[in-house]
Amino acid sequence: MLVMEQIEALAEEVQPLVSEVRDSDLVKDVETIAKGLADASGDLRRLKSSMLTPENSDLIKQSIFTLIFTLKNIESISSDISGFTGDEATRRHGGTSSC
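To convert, count from 1 in the sequence shown and add 3; that's the numbering used here.
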């Protein structure tokens with residue numbers, strides 16, 4: 004019976020806390036926050052699916068390839084200019100990419 008008495012004592016001690024939580028707005032606030040998070044999660048999923056379409060992914064890839072091609076051309080032009088000018092500073096800074 005000792006265990007049963009301890010359980011009853013513990014239940015009596017916990018009862019005011021349970022009542023306080025039940026009577027407070029804490030549960031409602033947690034429910035409101037949980038609903039807000041669920042709504043935000045759904046919004047993010049819809050945003051992701053509308054933005055990361057196969058067409059947009061292809062456009063992003065094309066833009067990256069175009070950027071790489073452009074940077075290589077700039078590097079080549081800078082190297083050519085430094086060769087023509089003979090300027091040592093231009094050779095050191097113009098022919099290298101800092102990216």
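In this text, a Cβ means the ideal position worked out from N, Cα and C, and glycines have one as well.
Subject >> Cβ neighbours of Ser22 in the same chain (closer than 6 Å, five flanking residues each side left out) >> reply: The sequence position of residue 22 within the sequence shown is 19, counting from 1. Take Ser22, set aside five residues on each side of it, and no residue of its chain has a beta-carbon closer than 6 Å to its own.
**OP:** Using three-state DSSP, classify Ser104 as helix, strand or coil.
**Re:** Only positions 4 to 102 of the chain appear in the structure, and residue 104 is not among them; the question remains open.
Subject >> Leu55 - DSSP class collapsed to helix/strand/coil >> reply: Residue 55 sits at position 52 when you count from the first residue of the sequence shown. DSSP places Leu55 in coil when its eight states are reduced to three.
Original post:
Where Lys38 and Arg25 are concerned, what is the direct C-alpha to C-alpha distance, given to the nearest angstrom?
Top reply: As a first step, residue 38 is located in the sequence shown; it is residue number 35 there, counting from the start. As a first step, residue 25 is located in the sequence shown; it is residue number 22 there, counting from the start. One C-alpha to the other measures close to 19 Å.
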